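Quick note: the sequence shown uses this note's numbering, first residue 4, plus one each step. Each residue gets a CB set at the ideal place from its N, CA and C atoms; glycine is no exception. Treat the numbers as computed from the prediction; the structure is a model and nothing was measured. Quick notes on the structure that follows.
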Amino acid sequence: MRRAGYGTELKVLSANNEEHEAERVTGELIAHHFVNKTQYKDYAILYRGNHQSRVFEKFLMQNRIPYKISGGTSFFSRPEIKDLLAYLRVLTNPDDDSAFLRIVNTPKREIGPATLKKLGEWAMTRNKSMFTASFDMGLSQTLSGRGYEALTRFTHWLAEIQRLAEREPSIAAVRDLIHGMDYESWLYETSPSPKAAEMRMKNVNQLFSWMTEMLEGSELDEPMTLTQVVTRFTLRDMMERGESEEELDQVQLMTLHASKGLEFPYVYMVGMEEGFLPHQSSIDEDNIDEERRLAYVGITRAQKELTFTLCKERRQYGELVRPEPSRFLLELPQDPQ
4 MRRAGYGTEL
14 KVLSANNEEH
24 EAERVTGELI
34 AHHFVNKTQY
44 KDYAILYRGN
54 HQSRVFEKFL
64 MQNRIPYKIS
74 GGTSFFSRPE
84 IKDLLAYLRV
94 LTNPDDDSAF
104 LRIVNTPKRE
114 IGPATLKKLG
124 EWAMTRNKSM
134 FTASFDMGLS
144 QTLSGRGYEA
154 LTRFTHWLAE
164 IQRLAEREPS
174 IAAVRDLIHG
184 MDYESWLYET
194 SPSPKAAEMR
204 MKNVNQLFSW
214 MTEMLEGSEL
224 DEPMTLTQVV
234 TRFTLRDMME
244 RGESEEELDQ
254 VQLMTLHASK
264 GLEFPYVYMV
274 GMEEGFLPHQ
284 SSIDEDNIDE
294 ERRLAYVGIT
304 RAQKELTFTL
314 CKERRQYGEL
324 VRPEPSRFLL
334 ELPQDPQ
């Protein structure tokens, strides 16, 4: 591969699939950061479509690498993910009132503002969390019958899930939690379309899959407790809520379109395959020149080092495909012999 000016030789990393691609990029980034004593904000991961960011978020989060999504929505910023994380926060820390208030009517349970106001006042005067206070015997004298019944039905169900988590493998308790909240039905009732509900539930299932991996561990990673997993996710959420426009030390994730006008010392251009870059729709419409210009944008974002990645296999629309390397890789000038 040719050299970029007088800089470092361009690199191409081949991966077995999209998970392996994200794992390799994360591993390379960690090693490079350690050896060269760089800052995380020196790195950018660029991709053709927003959907490609999710698996990179997974590996960056698991390795405690701070990152920021630009020109798209972070996986952990999606409402359905915040909902499930709030449930898990209460499950592992019943004193978390902010999480309790998010989930108490998600899905709707007919627990009105007046009921929650009285519960909050009752809890505050007794120096208890709202969840803990909901079990007080005298609370029924303060709350109306219907609101009290809805509240206690909810908190007793959640307490049973907590007890299950103590007796059974944590993942079984989380599975029962998702099933018991009937979240999927609520998504179909409240989403603008069945397709939107399907995508949101797919995100929930993706989070559940990640949790399963973290709870069970692997050859390289020790199994984590449910509290450890929730803490890891919560830290990511707190980072996002605390983000400002000021310079923060975070890896930048963005689409090629969003990267226009920006530069980074170290750039990873991922998904360098036919059907991704160039995009399949542009191939079908014979509009390759626009895709070539987009690839040029990505290439010229790198100030010091540029790494391309591609996969041998990818799962698209439920099917396993074997994409060809991007023609743009083959068009790069080679070193003279």
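Secondary structure of residue i, DSSP reduced to three states
i      : result
Val107 : coil
Arg51  : coil
Ile114 : coil
Gly278 : strand
Gln231 : helix
Met217 : helix
Phe267 : strand
Ala102 : helix
Ala261 : coil
Met272 : strand
Gln306 : strand
Ser147 : coil
Met184 : coil
Glu334 : helix
Contact under 9 Å by Cβ, residue i with residue j
i      : j      : result
Asn53  : Arg317 : no
Val232 : Ser173 : yes
Lys307 : Thr109 : no
Glu24  : Thr310 : no
Leu210 : Ile68  : no
Thr40  : Gln253 : First, the amino acid is wrong: residue 40 is Lys here, not Thr. No, the Cβ-Cβ distance between Lys40 and Gln253 is not below 9 Å.
Ala305 : Leu259 : no
Gln55  : Val273 : yes
Gly150 : Thr118 : yes
Spatial distance of residue i from residue j (CA atoms)
i      : j      : result
Leu146 : Phe236 : 35 Å
Asp185 : Gly220 : 28 Å
Leu81  : Ser194 : Before going further, note that residue 81 is Arg rather than Leu in the sequence given. For Arg81 and Ser194, the distance between alpha carbons rounds to 13 Å.
Ile114 : Phe331 : 57 Å
Leu122 : Arg105 : 15 Å
Val270 : Leu280 : 16 Å
Ala168 : Arg129 : 28 Å
Lys198 : Met214 : 25 Å
Thr155 : Asp224 : 39 Å
Pro326 : Glu277 : 6 Å
Residues bridged to residue i (per DSSP)
i      : result
Thr312 : Leu16
Glu322 : Gln319
Gln255 : Ala47, Lys71
Pro328 : Glu276
Contacting residues, own chain, Cβ-Cβ under 6 Å from residue i (five flanking each side not counted)
i      : result
Asp98  : Ser132
Glu102 : This sequence places Ala at residue 102; Glu is not what is there. The answer, listed in chain order, is Ala89, Arg92, Val93.
Lys315 : Asn19
Met202 : none
Own chain, CB closer than 8 Å to residue i, minus 5 neighbours either side, in chain order
i      : result
Ile164 : Leu94, Ala176, Asp179, Leu180, Gly183
Phe79  : Glu60, Met64, Lys85, Leu88, Phe236, Arg239, Asp240, Glu243
Ala261 : Ser73, Gly74, Gly75
Beta-carbon proximity list for residue i, same chain, < 7 Å, skipping 5 on both sides
i     : result
Val58 : Glu21, Glu22, Ala25
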